[in-house]
Amino acid sequence: MVRDHFSGTGPCPQHAQARVTGNILPGIDLRDPSLPAGTVISHLGLTPHPEGGFYRETWRAAASGPGEREAGTAILFLLAAGQRSHWHRVDASELWLWQGGAPLHLHLSDDGASTTCLRIGPDPSQGETLQGVVRPHAWQAAESLGNWTLVSCIVAPAFRFEGFELAPPGWQPG
Numbered sequence: 005m006v007r008d009h010f011s012g013t014g015p016c017p018q019h020a021q022a023r024v025t026g027n028i029l030p031g032i033d034l035r036d037p038s039l040p041a042g043t044v045i046s047h048l049g050l051t052p053h054p055e056g057g058f059y060r061e062t063w064r065a066a067a068s069g070p071g072e073r074e075a076g077t078a079i080l081f082l083l084a085a086g087q088r089s090h091w092h093r094v095d096a097s098e099l100w101l102w103q104g105g106a107p108l109h110l111h112l113s114d115d116g117a118s119t120t121c122l123r124i125g126p127d128p129s130q131g132e133t134l135q136g137v138v139r140p141h142a143w144q145a146a147e148s149l150g151n152w153t154l155v156s157c158i159v160a161p162a163f164r165f166e167g168f169e170l171a172p173p174g175w176q177p178g
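5 is the number of the first residue of the sequence shown in this note's numbering; add one for each residue after it.
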């Protein structure tokens, strides 16, 4: 179970970072795109995601009251070369934050017909942005532009698989 260290139920704040972000061995630089994807997946404890890639939930905020949806969630999400986050949509706002490896393309479609593409990565001189926002119910898909890409995805209100729709195989906006 992921614990919210801001609620007072988790570890002390000075020790919370290790539990929230994963067990990273000294000397591993996640900005180094030459690291093998399998090494990053293993060290971060990621598992396969239904839309493609690998993930691990790192945070789930408490609900504000009984029967209410949690306020937000965060995951670590990795796409290796040749993998794709297939077209899908969720019923909440989503923020993609570049964390390491190569940049990625995040494809978006608000209407299921036209698309836009964000290049999320560390180098603004190459047209990259460190983060991208996906509106609720917008279609989205992504792929790494190198050996692998690591992002954090923050969803508010909290991600629920009941609010997740994966497009049929081969579907594309248009």
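Where a beta carbon is used, it is the ideal one built from N, C-alpha and C, also for glycine. The model shown is predicted, which means the values in this text are computed figures rather than measured ones.
Measure the beta-carbon distance from residue i to residue j and round it to whole angstroms, keeping in mind my assumption that it falls under 8 angstroms.
i      : j      : result
Pro37  : Gly150 : 5 angstroms
Ala146 : Leu110 : 5 angstroms
Gly122 : Gly104 : Inspection of the sequence shows that residue 122 is occupied by Leu rather than by Gly. Not confirmed; about 17 angstroms, so no contact.
Gly57  : Leu83  : 4 angstroms
Quick one: residues in its chain with C-beta nearer than 6 angstroms to the C-beta of residue i, no 5 flanking neighbours on either side, listed in chain order?
i      : result
His53  : Tyr59
Phe168 : Val94
On a CA-only basis, which of the options is nearest residue i? Give me that one, please.
i      : options                          : result
Pro107 : Arg93, Thr119, Ser113 and Ser129 : Ser129
Arg164 : Pro140, Leu112, Ala145 and His90 : Pro140
Leu170 : Leu83, Arg88, Val44 and Arg73    : Arg88
Ser156 : Leu48, Gly167 and Gly86          : Leu48
Ser119 : Arg73, Gly178 and Gly125         : Reading off the sequence, residue 119 comes out as Thr, not Ser. It is Gly178 whose Cα lies nearest to the Cα of Thr119.
Trp143 : Pro173, Glu166, His90 and Pro126 : His90
Could you compute how far the alpha carbon of residue i sits from the alpha carbon of residue j?
i      : j      : result
Cys16  : Ala78  : Residue placement at Cys16 is poorly supported in this model, since its pLDDT is 49, which falls under 50; the coordinates still yield a value, given next. The straight-line gap from Cα to Cα measures roughly 20 angstroms.
Val94  : Gly76  : 13 angstroms
Leu154 : Leu80  : 7 angstroms
Ala162 : Gly131 : 30 angstroms
Met5   : Thr51  : Any answer about Met5 is weak, because its pLDDT of 44 lies below 50 and its placement is not dependable; what the coordinates show is given next. So the two alpha carbons sit approximately 15 angstroms from each other.
Ala67  : Ala160 : 12 angstroms
Leu99  : Leu134 : 10 angstroms
Leu112 : Ser46  : 29 angstroms
Ser11  : Arg64  : For Ser11, the predicted model reports a pLDDT of 44, less than 50, meaning its position is unreliable; a value from the coordinates is still stated below. Going from the Cα of Ser11 to the Cα of Arg64 covers about 11 angstroms.
Trp175 : Gly125 : 26 angstroms
Gly116 : Ser148 : 22 angstroms
Once the 5 residues before and after residue i are set aside, which same chain residues still bring their CB inside 8 angstroms of it?
i     : result
Ala85 : Ala41, Ser148, Gly150, Asn151 and Trp152
Might you give, ordered along the chain, the residues of its own chain that have their beta carbon closer than 7 angstroms to the beta carbon of residue i, omitting 5 neighbours on each side?
i     : result
Ala96 : Pro140, Val159, Ala160, Pro161, Phe163 and Gly167
Exercise. Mind pulling the beta strand (DSSP E) runs of 3 or more residues that sit fully within the stretch 70-105?
Worked result: 77-84, 88-94 and 97-105
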